[in-house]
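Colleague: Starting off with a structure, shown below.
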């Protein structure tokens, strides 16, 4: 129990330190949010021929961003983190003029929907293709799939997204060109709306899935080839067990263990890659809002999105550490591993 408490405390410290570094850098970087707003308002007032009151403009910028340049960074960070924890108050978005928490709450389910389905499909395909290649090692099937996987692995996910959008959506019209759902459909649990959501999400998920599974299939193949040479698998063959049982109970189950941690870390990677995917397909999730905020110097929304992605990353690592002993009994629990 002490091990889990200690690991949880380490995760909290990691999260807070990461937040503090990001908070401080965003405050210290030249041309930060306050300076950007002041410069924009001063330029606008000068173009209109209005008198410029620097102090008044600075106060307005402070109200919009919630940043007081005179407050020391550690104190400002403490106040910002306190408001988030106690009141779920991330401030108000400068760009969208809405509470940041409401914007995140609107975009979060859509980002989770894309990332989770893309990751699960990719992980399943990684296991299936890798094991299949290893089982047919040295054959033309293995060689052909190896070439195919290597080609797919060399294609960046955003290139695959752009190609599929151009061909499947714009040229062939098989899928919508962007958005999260049909604008004319009535939101709710009805056939038209649910089918529309699936069609709009198909290309974003497919772009992450096609490239995602290729990255791990070669590694899964190598792990499976090694397992095939183990004595217990040869014994299973000599006992006359069926091929399906050998593939599922012996080969796949033992090959999958080393890539389990990579799967958990892939959760964080999938969410971070969704930023570009959501922009390409104009899929308004957390990633889309984050990029719009970064371009517009929307400091409160950028920091809130970073909190979202950091929380997912730290949580995934912590879950992987806690559960690896359950997935692989040979490794034992975290506490038993630490005792050696």
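In full-length UniProt numbering, the protein residues as written are 1 to 340. Glycine residues also receive a C-beta, built at the ideal position from the N, C-alpha and C atoms.
Enumerate in chain order the residues of its own chain whose CB-to-CB distance from residue 117 is below 6 Å, with the five nearest sequence positions on each side excluded.
Modeller: Within the same chain, residue 117 has close Cβ partners 205.
Colleague: Whose CA, out of 207, 209, 208 and 180, lies closest to the CA of residue 195?
Modeller: Of the listed residues, the one whose Cα sits closest to residue 195 is 180.
Colleague: In the DSSP assignment, what residue or residues form a beta bridge with residue 51?
Modeller: Residue 51 pairs with nothing; no bridge assigned.
Colleague: Apart from the five residues on each side of it in sequence, which residues of its chain come closer than 6 Å, Cβ to Cβ, to residue 142?
Modeller: Excluding positions up to five away in sequence, the list reads 133 and 136.
Colleague: What are the residues that DSSP puts in a beta bridge with residue 62?
Modeller: DSSP, once it has assigned bridges, lists no residue as partnering residue 62.
Colleague: When burial is assigned at 16 or more other CB atoms within 10 Å of the CB, is residue 235 buried or exposed?
Modeller: Result: exposed.
Colleague: Does the segment 14-28 touch the segment 298-307, meaning 3 or more C-beta pairs lie closer than 8 Å?
Modeller: Output reads yes: the segment 14-28 touches the segment 298-307.
Colleague: In the DSSP output, what is residue 99 paired with across the bridge?
Modeller: Looking at the DSSP assignment, residue 99 forms a beta bridge with 92.
Colleague: Looking at the unbroken alpha helix (DSSP H) that takes in residue 149, where does it start and where does it end?
Modeller: Element bounds for residue 149: 140-153.
Colleague: What does the alpha-carbon distance come out to for the pair residue 37 and residue 61?
Modeller: Spanning the two alpha carbons is a distance of roughly 6 Å.
Colleague: Kindly indicate which three-state DSSP category residue 305 falls into: helix, strand or coil?
Modeller: Residue 305: helix per DSSP, three-state reduction.
Colleague: With residue 24 as the anchor, note down where its alpha helix (DSSP H) starts and where it stops.
Modeller: First-last of the alpha helix (DSSP H) with residue 24: 2-28.
Colleague: Would you report the Cα separation of residue 274 and residue 90, rounded to the nearest angstrom?
Modeller: Each residue's alpha carbon lies about 22 Å from the other.
Colleague: Is the CB-CB distance between residue 291 and residue 279 below 7 Å?
Modeller: Their beta carbons are under 7 Å apart, which means residue 291 touches residue 279 by this criterion.
Colleague: For the alpha helix (DSSP H) that contains residue 231, what are its first and last residues?
Modeller: Residue 231 -> alpha helix (DSSP H) spans 231-238.
Colleague: Once you ignore the five residues that flank residue 277 on each side, which residues in its own chain have a CB closer than 8 Å to its CB?
Modeller: Cβ neighbours of residue 277 beyond the five flanking positions: 114, 157, 158, 161, 204, 207, 208, 283 and 287.
Colleague: Is residue 76 helix, strand or coil when you go by DSSP?
Modeller: It is helical.
Colleague: If contacts are defined as beta-carbon pairs under 8 Å, then residue 153 and residue 222 qualify, I think. What distance do you get, rounded to the angstrom?
Modeller: Going by Cβ atoms, the distance from residue 153 to residue 222 rounds to 14 Å, so no, they are not a contact pair.
Colleague: Which same chain residues, not among the five before or five after residue 254, have their C-beta less than 6 Å away from its C-beta?
Modeller: Hits under 6 Å: 227.
Colleague: Can you look up residue 219 in the DSSP assignment and give me helix, strand or coil?
Modeller: Looking at residue 219 - three-state DSSP - the assignment turns out to be helix.
Colleague: What's the call for residue 166, buried or exposed, on a 16-neighbour Cβ count within 10 Å?
Modeller: Under this definition residue 166 is an exposed residue.
Colleague: Hey, out of 313, 259 and 201, whose CA is closest to residue 285's CA?
Modeller: Per the Cα distances, 201.
Colleague: Could you give the DSSP three-state label for residue 109: helix, strand or coil?
Modeller: In the structure shown, residue 109 sits in a helix (DSSP, three-state: H, G or I).
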